[in-house]
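Participant: Dropping the structure in here first, questions after.
2 protein chains.
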Amino acid sequence: MRIALIFLLASIFGAKAAAQSPQQEPINVMPMPANVQVGSGGLAIDGAFSVELEGAKDARLDRGAARFIANISRETGIPLSAAVAVHRGGEARLSRDVQKMVKKESRETGTAIRADIVPVGIATLTVYIQQAAKPVPELGEDEGYTLDVTPSRATLTATNTLGALHGLETFLQLVQSTPAGFAAPAVHIEDKPRFPWRGLMIDVSRHFIPIDVIKRNVDAMAAVKLNVLHLHLSDDQGFRVESKEFPKLQEMGSDGNYFTQAEIRDLVEYAADRGIRIVPEFDMPGHATSWFTGYPELSSGPGPYSIARTWGVFDAAMDPTREETYKFLERFIGEMSELFPDRFFHMGGDEVNGKQWDANPKIQAFMRAHGFKNNEALQQYFTDRVQKIVARRRKLTVGWDEILVPGMSKDIVIQSWRGQASLAEAAKQGYRGLLSSGYYLDSMAPAAQYYAVEPTSGDAASLSGDEKSRILGGEACAWAEFLTPENIDSRLWPRTAAIAERFWSPAETQDAEGMYRRLASVSWRLEWLRVTHKSSYVAMLGRMAGTDDVAALRVLGDAVRPVDLGTRQRTARAAGVPATSTMPLNRLVDAAPPESEAANDFTRAVNALAAANFKDAALEAQIRLQLTSWRDNDALLQPILARSALLNELAPVSQALGSLGAAGLQALDYLDKGEKAPDAWKTEALGMIDQAKKPQADLFIVVAPAVEMLVNASIGAAPPAAQAPAKP
Amino acid sequence: MRIALIFLLASIFGAKAAAQSPQQEPINVMPMPANVQVGSGGLAIDGAFSVELEGAKDARLDRGAARFIANISRETGIPLSAAVAVHRGGEARLSRDVQKMVKKESRETGTAIRADIVPVGIATLTVYIQQAAKPVPELGEDEGYTLDVTPSRATLTATNTLGALHGLETFLQLVQSTPAGFAAPAVHIEDKPRFPWRGLMIDVSRHFIPIDVIKRNVDAMAAVKLNVLHLHLSDDQGFRVESKEFPKLQEMGSDGNYFTQAEIRDLVEYAADRGIRIVPEFDMPGHATSWFTGYPELSSGPGPYSIARTWGVFDAAMDPTREETYKFLERFIGEMSELFPDRFFHMGGDEVNGKQWDANPKIQAFMRAHGFKNNEALQQYFTDRVQKIVARRRKLTVGWDEILVPGMSKDIVIQSWRGQASLAEAAKQGYRGLLSSGYYLDSMAPAAQYYAVEPTSGDAASLSGDEKSRILGGEACAWAEFLTPENIDSRLWPRTAAIAERFWSPAETQDAEGMYRRLASVSWRLEWLRVTHKSSYVAMLGRMAGTDDVAALRVLGDAVRPVDLGTRQRTARAAGVPATSTMPLNRLVDAAPPESEAANDFTRAVNALAAANFKDAALEAQIRLQLTSWRDNDALLQPILARSALLNELAPVSQALGSLGAAGLQALDYLDKGEKAPDAWKTEALGMIDQAKKPQADLFIVVAPAVEMLVNASIGAAPPAAQAPAKP
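Residue numbers (the numbering used here), protein chains in the order written: chain W, 1 to 728; chain Z, 1 to 728.
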């Protein structure tokens, strides 16, 4: 006989959770709108819910309304019929786009929604736009909107389609389950973004990310009002777009894993429908090995080349001295400029080590002939040539910090991985810039850390208004060394939503605790948009355990986080098994979320207990229950860990978590008794904690600092605040 | 501050679970193969895993092999490259199909699989078929295969493609996580099905089920070796296929929710690729209201008609007396015969109440003129005419019990919803038949109950060999009154896998406990095929609770099951709110699985404790923990239930579960003390249990009988075995 039970602990936990559940918040919208006035009561959402579109015509808004209805229907489980009506110029009319879109959504999702003509003025939600947005979204378009929800109806007005789409996302987040049924709280919102460039970069080169995965993440981006998807489309490890001009790029440079031009066109339209620009990046002159597999003549070395299977800075670089290189790029950029309609074209430009240039006598001769003193000068020559090619296509060049050298065209936009200082310096010189330093998701930092990164802080804080306006915003960056279609969502979400709020909401929106409350809500809602950041974690635990009974494994998974990218690579190299792009990514380090809600909750609780001078019995009881579960989990988990090669490495991690649980309990015992812990125990416990804080199996036990705080308190040491993601 | 913790209970539970985990079973294949010899050791599955195809060429097998590789890669998380090779006639060759399929799987899933030529004889798994299967799968094709797995390699041989596809599914199920990595255990399997017709009927009329949902369920069917998908395509509530001959069928009869012909062709090919036949059903002459919305002249009444929004037996029926009816059907069946290539065509034929016929003077005159004594005779005339139309298309007619009357063509196949007796009677008369009685999934019965239903039992047991061979197999039936794309998977799976085993495995395969062990394993694996029977339950709980913190709600959900379809309809009618096809299906009754593993485990434990004369301390401790969790859950859950209109109705159910937990604990206390429970308590407890056994909120508390058993034991009553899904 087999019994495995999961259940919620002791009533006190549930009562607290219930009392402070997200529903109690007046408004759980993320990013937090610029201005919110909460009214009383709410607007019921039932089977009669309908949307009326008024004002200017834009097929994108029609489709957006149909999608919005389908999303409400999916999230509430309420079939919505006769839900989208279009009345423009006083005349009831049903656009073919609405009909088509509604029918498509209805048939594909099985949601019973229907487009129909309903009498003017009876719709639950009326959407009015003054004008259509640009066919392809452009930097700086008005994205503001006003949303007014009363108990009887809702009105959404915007200058153009983009604002209306944002407003619909806000409304969707407002819908919640109440004792009287689904409803949106009465509220008046006036909202607009702080920065016009709110981006997410996804590296699809180091690991290919299929189009469906990209699309569901575009939906997630739209949900948090991000408006730029920057695709890092080529690197040493893969060339990911079909070129018809130079087909060997994808044929020899991608292992067959690339986006076709039809897929790109579809994606561009899909993103534009959601108010999102697609900025393509083709990294050059370095990070270009995959180009050289098919076209070795582009490179500065002798070749031949094959797709890189490891990562780092490689020697291979384009030859900036041959006119053929620019002829190639002229044709290639021409082709890609057609395919990607956005006004910005990203040429990369980062991390050229110059070794091939140094070793090539012809290049050295060219440099001497042109009076180039160093490789930076040669790269500047290259950048300048490429920028002119891009400009001839009436596009603007974006590049990483390295492309900014004196004399570059003021048209270029700098994406800074180096920090606010280099961004401020660029702004002073008249260049526009984007911040990505501090937003690297592979650093596996908690949401609060990214949230605290401010594009206009540091050196940028002292810029003049004009200079400051050159800081367009920023981009979260998802480098794909350890990303797969299976785990990318959990590396992107929900943390990227915190960055999205930083880019959208007023600078004063700083309270991390409030952010975490909204984040929990939006994170849950993202799964309704088919994002798999939560479900995939559980599925991957199941794979490791060989069963879906993963409760014990999850206790461990929820107490750890993956080490950052660099640490993981160094550890692998030190162990003599360097990471490669073909190795399985199916360990706990690949599955565990970068930030655990359970661990955050524990850390908050310990901080709160310390703040209460360890005199809160109810809180202590909760903390004891959590510590007990960790202490006892090890015995449950070890036999499971022994059964699977994927789990063997976790034995010491589980043991360490068990020891932390035991030490925390012991510390509380001493605190309760009011006696100082004995020195021998103190030495042992602190030694154990020091050990537990070191990464094992590429995992950090993130609850260790909070346990350390308990132990320190029990030995009378001044308790430093445990490393919490936010203040309690 | 908020803390919510989920964890696995006390170490004894985990240890037991670990000791009896699925991995410990030598072979977890479902359906259980006809012959299995387990060897020692296992075949490692790693990044070098490859498949070699030998023997006859069949593009379907090529695609099947690519799909198989992609599935292994997805389930293990191991990138597989150079994995499919084709060597036929001694020559290494890579079929275009394999290349295309592998590339498609690779690009869509992001799985790094690649087709490549590898030297002959080094593949991990060699697949040999003597001949290709028929282009469209046919009834009675050889489906057997032999699978031999040794620690060094595996060989799969089959007469044709169908057997090989089954063998690949078997192999996939053999792959498991071991301490040495992923591996398939050494095993020799000789396998073939018991019945040639192993079907699943899905009603897509009462609620439309989109093509993607159908497809993922086709994958699930293939995983458990079912070979017929019977689509109930028309009924009073919807006509679900595009007809180009009679477009008003779908235009006016479907709310826009229908399969296009392109989708059907794609589905037929998709299913054929998996060895699955698609049998279309167009129900006539009754259950046809949706036809009449566009073509009222087909009916026997005056019309007009609109799509039915409720369920039951309607009066509307085709007019069997007009030649125009047959002209219509001649064209319509001609069109559908082309679209659905299967040799069988299902004409329904059930539940004609004859009221329209009685009320139509012309029909009455026709009956008198032809000497038809009753409506059955008139229906026979209709059936006979339709059967001849179908036969002219060189197809065979299938129908429900009602079509079988003396004198019908021996070609027809009877699908029996009435039972084995009517099936046996048909077989004696020379008709072939299928059993569906006892396999109605809407009865919400446990897997063991379906498992015990034997097509050749009862009256069928005494049939001669020839007669018995006319019983072709059976079909599980999924009627869609309360199905949506969201919950259909959980109504189909895993229970249908038990029925699949009944149809495939030898008649002697009867042990329900073994079945449940295999079922747990296959159920988990089905989620890797994108079936959502487990994940959707959790998502729906989240919708009800307005958060993904659903632990307390799940404790309740895991202790209940939905009432059967008829009870639910009667309850709704009695409450004055008859169920309709447009009402939301978002309550716990729509989400809770028909059978809960947790509840089964508890019932087994109580049975085992009774068998041990209530003298197993460890077992009792486990039971107490479960009872405690139910008792305490109510206090946790009530505030959550109060927050949501979707949850209000569950307050008494949660309270009842709490009372059951408390009563069970009290009973154990009495048993432990060896004293008989007092009469007053007995009366109260049994009264409470009687109440708790009645459905509330359309839910049965399935753990009530096991608690009743504890209470009865504590008062010295003879303990009848609790209603367990299987003997402990």
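All C-beta atoms, glycine included, are put in the ideal place defined by N, C-alpha and C.
1) Please list, in chain order, the chain W residues whose beta carbon lies closer than 7 Å to that of ARG646 (chain Z).
2) Among Z:THR321, Z:SER337, Z:GLN387 and Z:ARG393, which residue has its Cα nearest to the Cα of GLN364 (chain Z)?
3) Quick check on SER505 (chain W): buried or exposed, where buried means 16 or more other Cβ atoms within 10 Å of its Cβ?
4) Suppose contacts are defined by Cβ-Cβ distances below 8 Å. Is PRO663 (chain W) in contact with VAL707 (chain W) by that definition?
5) List, in order along the chain, the chain W residues whose C-beta lies closer than 9 Å to that of ASN586 (chain Z)?
6) Reducing DSSP to helix, strand and coil, say where MET540 (chain W) ends up.
7) Could one say the Cβ of GLU527 (chain W) lies closer than 8 Å to chain Z's Cβ atoms, at least one of them?
8) Using a C-beta cutoff of 8 Å, does TRP311 (chain Z) count as contacting chain W?
9) Taking only beta-carbon atoms, is PHE7 (chain Z) less than 8 Å away from chain W?
10) Can you check DSSP and say which residues form a bridge with SER416 (chain W)?
11) Compare the C-beta of MET544 (chain W) against all C-beta atoms of chain Z and say whether one is closer than 8 Å.
12) Strictly by DSSP, which residues pair up with VAL228 (chain Z)?
13) Cα separation between PHE195 (chain W) and THR157 (chain W)?
14) If you run the structure through DSSP and keep just helix, strand and coil, what is SER40 (chain W)?
15) Between which two residues does the beta strand (DSSP E) holding SER177 (chain Z) run?
16) For THR456 (chain Z), which residues does DSSP report across the bridge?
17) What three-state label does DSSP hand VAL522 (chain W) in the structure shown?
18) DSSP on HIS166 (chain W), reduced to helix/strand/coil?
19) Can you list the residues of chain W that TRP524 (chain Z) reaches, using a CB-CB cut of under 9 Å?
20) Closest Cβ-Cβ distance between GLY47 (chain W) and chain C: below 8 Å?
21) Can you list the residues of chain Z that ALA539 (chain W) reaches, using a CB-CB cut of under 8 Å?
22) Does any CB atom of chain Z fall closer than 8 Å to the CB of PHE366 (chain W)?
23) DSSP on ARG216 (chain Z), reduced to helix/strand/coil?
24) Would you identify the three-state DSSP class for PRO562 (chain W), choosing helix, strand or coil?
25) In whole angstroms, what separates the C-alpha of VAL522 (chain W) from that of GLN173 (chain W)?
26) How big is the Cα-Cα spacing for VAL136 (chain Z) and ASP342 (chain Z)?
27) Three-state secondary structure (DSSP) at TYR295 (chain W)?
28) Answer yes or no: do LEU339 (chain W) and VAL386 (chain W) have a C-beta to C-beta separation smaller than 8 Å?
29) Along the alpha helix (DSSP H) that carries GLY301 (chain Z), what are the first and last residues, could you check?
30) Anyone know if the C-beta pair for GLN250 (chain Z) and GLU242 (chain Z) falls short of 8 Å?
31) Would you call the CB atoms of ALA316 (chain W) and SER299 (chain W) closer than 8 Å?
32) Taking C-beta to C-beta, are PHE182 (chain W) and ALA154 (chain W) nearer than 8 Å?
33) Between LYS410 (chain Z) and chain W, is there a C-beta pair that is closer than 8 Å?
34) At 9 Å on the CB atoms, spell out the chain W contacts of SER535 (chain Z), in chain order.
35) Touching or not, the region 211-229 of chain Z and the region 525-532 of chain Z, by the rule of three or more beta carbon pairs under 8 Å?
36) From PHE614 (chain W) to GLU684 (chain W), what distance separates their C-alpha atoms?
Facilitator: Walking through what the data contain:
1) Counting from one through the second sequence, the residue named residue 646 (chain Z) turns up at place 646. First, the residue type needs correcting, since residue 646 (chain Z) is Leu and not Arg in the sequence shown. Result: SER177.
2) Indexing the second sequence from 1 puts residue 364 (chain Z) at position 364. It is Z:THR321 whose Cα lies nearest to the Cα of GLN364 (chain Z).
3) Locating residue 505 (chain W) in the first sequence gives position 505, where the first residue counts as 1. Result: buried.
4) Along the first sequence, read from residue 1 onward, the residue named residue 663 (chain W) stands at position 663. Along the first sequence, read from residue 1 onward, the residue named residue 707 (chain W) stands at position 707. The question names Pro, but residue 663 (chain W) in the sequence shown is Ala. Yes. Within cutoff.
5) On the second sequence, position 586 is the one that residue 586 (chain Z) refers to. The contacting residues are THR76, GLY77 and ILE78.
6) Here residue 540 (chain W) refers to the residue found at position 540 when the first sequence is read from its first residue. In the structure shown, MET540 (chain W) sits in a helix (DSSP, three-state: H, G or I).
7) One-based indexing of the first sequence puts residue 527 (chain W) at position 527. Output row for GLU527 (chain W): interface = yes.
8) In the second sequence, the residue the question calls residue 311 (chain Z) occupies position 311. No, because no Cβ of chain W sits closer than 8 Å to the Cβ of TRP311 (chain Z).
9) Position 7 of the second sequence, counted from the first residue, corresponds to residue 7 (chain Z). Residue placement at PHE7 (chain Z) is flagged as unreliable, the pLDDT there being 35, under the threshold of 50; the coordinate-derived value follows with that caveat. Chain W contact via Cβ: present.
10) Within the first sequence, residue 416 (chain W) is the residue found at index 416, counting from 1. According to DSSP, SER416 (chain W) bridges with W:LEU435.
11) Here residue 544 (chain W) is taken as the residue at index 544 of the first sequence, counted from 1. Answer yes: the Cβ-Cβ gap between MET544 (chain W) and chain Z drops below 8 Å somewhere.
12) Within the second sequence, numbered from 1, the residue matching residue 228 (chain Z) stands at position 228. In DSSP, VAL228 (chain Z) forms a bridge with Z:GLY199 and Z:ARG277.
13) One-based indexing of the first sequence puts residue 195 (chain W) at position 195. One-based indexing of the first sequence puts residue 157 (chain W) at position 157. Approximately 21 Å, taken between the alpha carbons.
14) Your numbering for residue 40 (chain W) matches position 40 in the first sequence. Of the three classes helix, strand and coil, the one that applies to SER40 (chain W) here is strand, per DSSP.
15) As a first step, residue 177 (chain Z) must be located in the second sequence, where it is residue number 177. Its beta strand (DSSP E) spans residues 176-178.
16) Here residue 456 (chain Z) corresponds to residue number 456 of the second sequence, with the count starting at 1. Per DSSP, none; premise fails for THR456 (chain Z).
17) Along the first sequence, one-based indexing puts residue 522 (chain W) at 522. Looking at VAL522 (chain W) - three-state DSSP - the assignment turns out to be helix.
18) Counted from its first residue, the first sequence places residue 166 (chain W) at position 166. The answer is helix: DSSP assigns HIS166 (chain W) an H, G or I state.
19) By 1-based counting over the second sequence, the position of residue 524 (chain Z) is 524. Near TRP524 (chain Z) (Cβ distances below 9 Å), the residues of chain W are GLY542, GLY546, THR547, ASP548 and ASP549.
20) Checking the listed chains, one finds no chain C in this structure; the protein chains it contains are W and Z.
21) Counting from 1 along the first sequence, the entry for residue 539 (chain W) is found at position 539. Within 8 Å Cβ-Cβ: GLU527 and TRP528.
22) What you label residue 366 (chain W) is simply residue 366 of the first sequence in a count that begins at 1. No, no contact with chain Z.
23) Translated into positions along the second sequence, residue 216 (chain Z) becomes position 216. Helix.
24) The residue given as residue 562 (chain W) occupies position 562 in the first sequence. Residue state, collapsed to three classes: strand.
25) Numbered from its first residue, the first sequence carries residue 522 (chain W) at position 522. Numbered from its first residue, the first sequence carries residue 173 (chain W) at position 173. Between VAL522 (chain W) and GLN173 (chain W), the C-alpha separation is close to 8 Å.
26) For the purposes of this step, residue 136 (chain Z) is taken as the residue at position 136 of the second sequence. For the purposes of this step, residue 342 (chain Z) is taken as the residue at position 342 of the second sequence. Distance between the alpha carbons of VAL136 (chain Z) and ASP342 (chain Z): 7 Å.
27) Taking the first residue of the first sequence as 1, we reach residue 295 (chain W) at position 295. Residue state, collapsed to three classes: coil.
28) What you label residue 339 (chain W) is simply residue 339 of the first sequence in a count that begins at 1. What you label residue 386 (chain W) is simply residue 386 of the first sequence in a count that begins at 1. Not closer than 8 Å, so no.
29) Taking the first residue of the second sequence as position 1, residue 301 (chain Z) is located at position 301. Looking at the DSSP string, GLY301 (chain Z) is not in any alpha helix (DSSP H), and its letter there is neither H nor E.
30) Residue 250 (chain Z) sits at position 250 when you count from the first residue of the second sequence. Residue 242 (chain Z) sits at position 242 when you count from the first residue of the second sequence. Taking 8 Å as the Cβ cut-off, GLN250 (chain Z) and GLU242 (chain Z) qualify as a contacting pair.
31) For the purposes of this step, residue 316 (chain W) is taken as the residue at position 316 of the first sequence. For the purposes of this step, residue 299 (chain W) is taken as the residue at position 299 of the first sequence. Yes. Within cutoff.
32) For the purposes of this step, residue 182 (chain W) is identified with residue 182 of the first sequence, where counting begins at 1. For the purposes of this step, residue 154 (chain W) is identified with residue 154 of the first sequence, where counting begins at 1. It is not a contact, given that the beta carbons lie outside the stated cut-off.
33) Taking the second sequence and counting its residues from 1, the one referred to as residue 410 (chain Z) is at position 410. It does not; no Cβ of chain W falls within 8 Å.
34) By 1-based counting over the second sequence, the position of residue 535 (chain Z) is 535. Those are SER535, VAL538 and ALA539, listed as they occur along chain W.
35) yes
36) Locating residue 614 (chain W) in the first sequence gives position 614, counting from the first residue. Locating residue 684 (chain W) in the first sequence gives position 684, counting from the first residue. So the alpha carbons of these two residues sit roughly 23 Å apart.
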